[in-house]
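Q:
In mature numbering (1 follows the signal peptide of the UniProt record, and there is no 0), the protein residues as written are -23 to -1, 1 to 137.
#1: Considering only the beta carbon of each residue, do residue 48 and residue 57 sit closer than 8 Å?
#2: Can you say whether residue 35 is buried or exposed, counting buried as having 16 or more other CB atoms within 10 angstroms of its CB?
#3: Any idea what DSSP makes of residue 59, helix, strand or coil?
#4: Distance, Cα to Cα, residue 40 vs residue 59?
#5: Which value, in whole angstroms, describes the spacing of the CA atoms of residue 46 and residue 14?
#6: Roughly how many whole angstroms lie between the Cα atoms of residue -1 and residue 22?
#7: Inspect the beta-carbon positions of residue 8 and residue 37 and report whether they are closer than 8 Å.
#8: Measure the Cβ-Cβ separation of residue 63 and residue 42 and say whether it is below 8 Å.
#9: Quick one: give me the first and last residue of the alpha helix (DSSP H) that residue 47 is part of.
Here you go:
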């Protein structure tokens, strides 16, 4: 019986110790998150009008950081990061930043038909595309031919 009391007391002591460690860890996480939020506020020049607004924005920031970290832990093809919008809820972001002022146009403006119905008899026999500016005259054709002739003479064996 004395052993069972000692065993129960040691188990109870271990449970108390573990719970205090977990509580300290949660408190430490909250303090580090507060410090992280303060650094974020300095980085993005964010100032709130009062402490209630700051507390609300901190909770949103903490939730968004939790989402970002859990998303990045899944090792997807891309990573999320903390930016200037981390203290906004999804609804606030969509209302203020996403597609602001965008109104999709449902009407298509007719551009007209670009080509006429042309019969083959109306087409000319030949077209000089140089006069229309579609083809430019080769300016360096002579120098290209000289170079090809020179390199060709180097590679061809001399006949004896």
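C-beta: ideal position from N, C-alpha, C; glycine also.
A: In short:
#1: Locating residue 48 in the chain shown gives position 71, where the first residue counts as 1. Locating residue 57 in the chain shown gives position 80, where the first residue counts as 1. Residue 57 sits close to residue 48, with the two beta carbons spaced by under 8 Å.
#2: To locate residue 35, count along the chain shown from 1; it is residue 58. So residue 35 ends up on the buried side.
#3: Along the chain shown, read from residue 1 onward, the residue named residue 59 stands at position 82. Residue 59 falls in the coil class under three-state DSSP.
#4: If you number the chain shown from 1, residue 40 lands on position 63. If you number the chain shown from 1, residue 59 lands on position 82. If you draw a straight line from the Cα of residue 40 to the Cα of residue 59, it is about 12 Å long.
#5: Locating residue 46 in the chain shown gives position 69, where the first residue counts as 1. Locating residue 14 in the chain shown gives position 37, where the first residue counts as 1. Residue 46 and residue 14 have their C-alpha atoms spaced approximately 15 Å apart.
#6: Position 23 of the chain shown, counted from the start, is the residue given in the question as residue -1. Position 45 of the chain shown, counted from the start, is the residue given in the question as residue 22. For residue -1, the predicted model reports a pLDDT of 46, less than 50, meaning its position is unreliable and no value from the coordinates is stated.
#7: Position 31 of the chain shown, counted from the first residue, corresponds to residue 8. Position 60 of the chain shown, counted from the first residue, corresponds to residue 37. Cβ distance not < 8 Å, so residue 8 and residue 37 don't count as in contact.
#8: Residue 63 sits at position 86 when you count from the first residue of the chain shown. Residue 42 sits at position 65 when you count from the first residue of the chain shown. Going by C-beta atoms, residue 63 is nearer than 8 Å to residue 42.
#9: Locating residue 47 in the chain shown gives position 70, where the first residue counts as 1. Looking at the DSSP string, the run of the alpha helix (DSSP H) that includes residue 47 is 28 to 50.
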